[in-house]
Amino acid sequence: MCSQNYYSDCIHCGKAIAKKENALVNDNGNIFCCWGCETVYKILKKEHFSLINKPHTGSSEYDILDNESFLKDYVVLQDGKQGMRFFVEGIQCTACLWIIDQIPHWIPEVENVHLNMSQNTLFVSLRTPGFFGKVVSTLAALGYKTYPIKNPDEARHFQKKENHQQLMRLGVAGACAGSIMLYSFSLYAGLKGQMAVVFQYITLAFFLPVFFYCAQPFYISLWRSLRARRPSIDLPIVLAVVIGFVLSVFHLIQGRQDFYFDSLSVLILLLLASRYLLSRTQQKFLSSSYLLSFFESQICRRWNEVHQAYEKVSAHYLNTGDKILVEEGERVPADGEVINEWVNINPSVLTGESLPQKLFKGAKIYAGTQVVSNDAEILIEHTAGSSRIGKILKKVEEQIYNKTPLISLTDKASQYFTLFILSIGLLFFFFYSFVDITEAVRRTLALIILACPCALAFATPLTQSLSLKKASKKGYLIKNAESLEKLSKVTNAFFDKTGTLTQGQFEFLQWRPPHGNESDNFMPDKETINAIYSIELHSQHPVARTLVKQLGKMCDKKLPVHSLKEISGVGISGTVENNHYKLLPALLDNGNDDSDIIASTVAVYRNEILVAYACLGDRLRDDAKKTIAELKKLGITSHIVSGDKEAPVQNVAKRLDLANDGIHSGLFPEEKSTLVNKVPNSLMVGDGVNDSLAMSSCSIGIAVQGSVEASLVAADIYSSKEGIFPVLDLTLLSKNTLSIIKRNLVISFIYNFTAGIAALFGYISPLIAAVLMPVSSIVIIISTITGTKFMRNFNK
Amino acid sequence: MTILYIMIPVAIILASFFVYTFLWAVKNEQFDDLETPAHKILIDDWNRKS
Chain Y
44 MCSQNYYSDC IHCGKAIAKK ENALVNDNGN IFCCWGCETV YKILKKEHFS
94 LINKPHTGSS EYDILDNESF LKDYVVLQDG KQGMRFFVEG IQCTACLWII
144 DQIPHWIPEV ENVHLNMSQN TLFVSLRTPG FFGKVVSTLA ALGYKTYPIK
194 NPDEARHFQK KENHQQLMRL GVAGACAGSI MLYSFSLYAG LKGQMAVVFQ
244 YITLAFFLPV FFYCAQPFYI SLWRSLRARR PSIDLPIVLA VVIGFVLSVF
294 HLIQGRQDFY FDSLSVLILL LLASRYLLSR TQQKFLSSSY LLSFFESQIC
344 RRWNEVHQAY EKVSAHYLNT GDKILVEEGE RVPADGEVIN EWVNINPSVL
394 TGESLPQKLF KGAKIYAGTQ VVSNDAEILI EHTAGSSRIG KILKKVEEQI
444 YNKTPLISLT DKASQYFTLF ILSIGLLFFF FYSFVDITEA VRRTLALIIL
494 ACPCALAFAT PLTQSLSLKK ASKKGYLIKN AESLEKLSKV TNAFFDKTGT
544 LTQGQFEFLQ WRPPHGNESD NFMPDKETIN AIYSIELHSQ HPVARTLVKQ
594 LGKMCDKKLP VHSLKEISGV GISGTVENNH YKLLPALLDN GNDDSDIIAS
644 TVAVYRNEIL VAYACLGDRL RDDAKKTIAE LKKLGITSHI VSGDKEAPVQ
694 NVAKRLDLAN DGIHSGLFPE EKSTLVNKVP NSLMVGDGVN DSLAMSSCSI
744 GIAVQGSVEA SLVAADIYSS KEGIFPVLDL TLLSKNTLSI IKRNLVISFI
794 YNFTAGIAAL FGYISPLIAA VLMPVSSIVI IISTITGTKF MRNFNK
Chain U
141 MTILYIMIPV AIILASFFVY TFLWAVKNEQ FDDLETPAHK ILIDDWNRKS
């Protein structure tokens, strides 16, 4: 095992944990992979937990789940009993399954729970209504974050049915192809006479369900692509299948020996199997409609005039004119006006700005922003749907829907190939019909059947699904296979700044000496640190909060402060142990050589003498510079599009060696979108709602780890790995995938071309065709599975 | 060779039986979740016995 991809083993189940951040550590310092393991381990060690006493669930935070109005949208009725579907975060191994399976024992009102580990969804059905809140609070007590999912809409129901249909077609095709093979084998082995005729009719009988039932999807998708006037690989396939069928039936009636039932049924089986595989890998990820409902199901506190208290409701049911309370750390659910004295918010989701903002009474507050300090009381003006973020989301959805579908390389190639083969066939038929008309028909049709780039038709989805699988193993979720091909063509990459190129958190960076040059480990003396800590403890300013968080570790005692004075928006001063301290924001000429981004500097004065600078800001991601340099080598130009002010953006650009013309700052979400839209083959990498519009309007969008739901919906690819290195990794993966597809194209065309020529000269009998077709398939499957060196090492 | 007149119908009946069973299993959602049952088998039933 590679050392950088390994942190420790789970003490309970032994599963390897790749990274420190993913590990859970309990009070005794034991390391676990998930909460399930932690709980089971506790039970086994009999640490203040027993199965008879269910986990303590005192909070009424989730009571909203049992509200009449909430149930209306979320409950599913099953045999007259209430059921609800949840998305559970953090499901890892059997221990999670076991612990969740215990819920009916703890809450007797729960009839049944069913956890689907491949989709991380949980279905709960109740004996008596009114206990969903209890189930969720139990799960929360166990450490699982749970979101209710809206009851399955038409689309999802349809998808399930479609999956069943696909699988049934595959099963029937498999059974028929197998039987046909058995009967054909004896025919090839030289069966003669009456029995041979019987066998021939049996193969026909087995081919009928394949032809009329299993191959249906190809007819339908060909019809669709013909109507949309798009080339499609289905054209040569359907052509081969239909002509093969007609020709074989014709021969059967004539009493001839040339049949293609066996080759065609195997071809259809392989095609169905590879397409099923691809659709199954794609569907593993939650569809975007799922994610939207999470955003709406946020729970918030609304003022109730009758009870004179805040009551919990789903954000979905808020109305204009409602008064709501948003606590520290929560997101604002609707646009409105602040009605309490002041509040600090983090607007980065909407604007990309790195510094927290202070809003006073009467200021506008937007949905999606996060309250950083002080609780906010808000008078709602626009509810979620009509809020600024809501409008952006709606536009995103529209744009996703209207995205022009990509005409894949395979489809394009097959278009030319089909035209080529058909014209050769016609030419041949025209000239040979003077010699022998029946032989001309036979050979032309044999050419069309053999020249169908069939192997290619199933090798492409197979290659794609293998790549998607590899990517998902590494934590990259690619929504569809098309994105892989689009990504390989990207020439311009646009990066968001806050949260994408940088960590997106406002934090303490370093101390700086008051004069002269940088010294690496400058620290103010202990006395000063204690004093700063004690003074800043009294301030609510975001800068002060950050300093307190940082200094809390270094400071040994809290000192009393006299004559404390806070000048709002300017600074703070106070006297500690007879020394007068003043903390003021300072403008500092940024050095050229430090690796972080400085958004704000605080100058510390003791008795009017400058003693130190404290630098705060947003840290650049470690892998940003390397990734951008590597992308440049691949011929991809990087740009920054940010809603932040010019100075911090310039700063980032300078450190990443980006050209000046590729930097855009102070952009609104709409402006980002137009900018990106102007460039063909563009890639947008971002994390916030302000990027989501751009993500949906450019050719491909990647959402990095820690993104908000809105951008997950808009993005084609989501990386659950930290940093922006995945962008490079994914680009390489897509380029390699495409090169395998191209290689398969070449192999397939060489084979088809030779076989076609041989068929024209009459050298190919159905027996040889029956051998050649699977051989070509196997060659291409081997080529696909072997892949490239990069692909083989991808998961190592 | 006459045995074939019996064997072929038997083979066809067997094949259609398996196809029918497969279709029944698909409709019964047996293939919808391939991961969870694999884990479920590892869990002992001690909870119910006690």
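Going line by line, the protein sequences match chains Y and U. Just so we're aligned: the first sequence equals residues 44 to 839 in the numbering used here. Just so we're aligned: the second sequence equals residues 141 to 190 in the numbering used here. Backbone N, C-alpha and C define an ideal beta-carbon position, used for all residues, glycine too. Given the structure is predicted, the values throughout are model-derived calculations rather than measurements.
In the structure shown, what three-state DSSP assignment does residue i receive?
i, result
"Y:Gln125", "strand"
"Y:Val284", "helix"
"Y:Cys343", "strand"
"Y:Ser515", "helix"
"Y:Gln13", "Residue 13 of chain Y lies beyond the range of chain Y shown here (44 to 839); nothing can be said about it."
"Y:Ala410", "coil"
"Y:Tyr50", "coil"
"Y:Leu520", "strand"
"Y:Tyr319", "helix"
"Y:Thr545", "strand"
"Y:Glu714", "helix"
"Y:Glu162", "The residue asked about is misnamed: residue 162 of chain Y is Gln in this sequence, not Glu. Y:Gln162 falls in the coil class under three-state DSSP."
"Y:Asn69", "coil"
"Y:Asn622", "strand"
"Y:Thr644", "strand"
"Y:Ala737", "helix"
Just the Cα atoms here: how many angstroms apart are residue i and residue j?
i, j, result
"Y:Trp141", "Y:Cys77", "12 Å"
"Y:Asn787", "Y:Leu509", "15 Å"
"Y:Pro712", "Y:Lys203", "36 Å"
"Y:Lys63", "Y:Leu773", "23 Å"
"Y:Asp864", "Y:Asp418", "Only positions 44 to 839 of chain Y appear in this structure, which leaves residue 864 of chain Y out of reach."
"Y:Ser168", "Y:Lys764", "35 Å"
"Y:Lys679", "Y:Ile286", "Note that residue 679 of chain Y is Ile in the sequence shown here, rather than Lys. One C-alpha to the other measures close to 46 Å."
"Y:Ile95", "Y:Pro147", "A caution first: Y:Ile95 carries a pLDDT of 42, below 50, which makes its placement in the model too unreliable to give a value."
"Y:Ile521", "Y:Asp277", "24 Å"
"Y:Ala283", "Y:Ser317", "18 Å"
"Y:Ile435", "Y:Leu530", "24 Å"
"Y:Leu265", "Y:Val281", "8 Å"
"Y:Gly217", "Y:Lys58", "37 Å"
With DSSP as the reference, identify every bridge partner of residue i, one or two as the case may be.
i, result
"Y:Ala536", "Y:Ser681, Y:Leu726"
"Y:Cys139", "In the DSSP output, where bridge partners are listed per residue, Y:Cys139 has none listed."
"Y:Asp109", "Bridge partners of Y:Asp109: none, in fact."
"Y:Ser168", "Y:Gly126, Y:Asn155"
"Y:Val131", "Y:Thr189"
"Y:Glu354", "Y:Arg345"
"Y:Gly236", "For Y:Gly236, which the question treats as bridged, DSSP gives no partner whatsoever."
"Y:Arg555", "Y:Tyr656"
"Y:Trp266", "In DSSP, Y:Trp266 forms no bridge with anything."
"Y:Ile706", "Y:Ile683"
What residues of chain U sit near residue i, judged by a beta carbon separation below 7 Å?
i, result
"Y:Trp141", "Ile183"
Going along chain Y, which residues have a C-beta under 7 Å from residue i?
i, result
"U:Ile146", "The contacting residues do not exist; U:Ile146 stays about 13 Å from chain Y at best."
Can you list the residues of chain Y that residue i reaches, using a CB-CB cut of under 9 Å?
i, result
"U:Leu154", "Within 9 Å Cβ-Cβ: nothing; U:Leu154 doesn't reach chain Y, min ~10 Å."
So residue i contacts chain U; which residues on that side make the cut at Cβ distance below 8 Å?
i, result
"Y:Gly214", "Val159, Phe162, Leu163, Val166"
Given the structure, does residue i come close to the ligand ATP, in the sense that its CB is under 7 Å from one of the ligand's heavy atoms?
i, result
"Y:Gly729", "What this structure holds is no ligand at all, so the ligand ATP is not there to describe."
Keeping to the same chain, check which residues put their C-beta closer than 7 Å to that of residue i; ignore five residues upstream and five downstream.
i, result
"Y:Asn187", "Strictly speaking, residue 187 of chain Y in this sequence is Tyr, with Asn absent from that position. Excluding residues within five positions, the ones whose Cβ falls inside 7 Å are Trp78, Val131, Glu132, Gly133."
"Y:Pro399", "Asn387, Ile388, Asn389, Val415, Phe549, Pro585"
"Y:Gly411", "Arg374, Val375, Val392, Leu393, Ile432, Val732"
"Y:His55", "Phe75, Cys80, Val83, Tyr84, Ala138"
"Y:Val814", "none"
"Y:Lys438", "Leu736"
"Y:Phe565", "Trp554, Arg555, Pro556"
Quick one: which chain U residues come within Cβ less than 9 Å of residue i?
i, result
"Y:Asn159", "Asp172, Asp173, Glu175, Thr176"
"Y:Ser222", "Ala151, Ile152, Ala155"
"Y:Ile245", "Ile148, Ile152"
"Y:Ala218", "Ala155, Ser156, Phe158, Val159, Phe162"
"Y:Leu127", "As written in the sequence, residue 127 of chain Y is Met, which differs from the Leu given in the question. Per Cβ cutoff of 9 Å: no residues; Y:Met127 is ~18 Å from chain U at best."
Excluding the 5 residues preceding and the 5 following residue i in the sequence, name in chain order all residues of the same chain whose CB lies nearer than 6 Å to its CB.
i, result
"Y:Ala483", "Phe472, Tyr475, Ser476"
"Y:Ser819", "Ala498, Tyr794"
"Y:Ser222", "Phe249"
In its own chain, which residues sit with a C-beta less than 8 Å from the C-beta of residue i, not counting the 5 before and 5 after it?
i, result
"Y:Phe833", "Leu775, Leu776, Asn779"
"U:Pro177", "none"
"Y:Val109", "Checking the displayed sequence, the identity of residue 109 of chain Y turns out to be Asp instead of Val. Answer for Y:Asp109: Pro172, Gly173, Phe174, Phe175, Gly176, listed in chain order."
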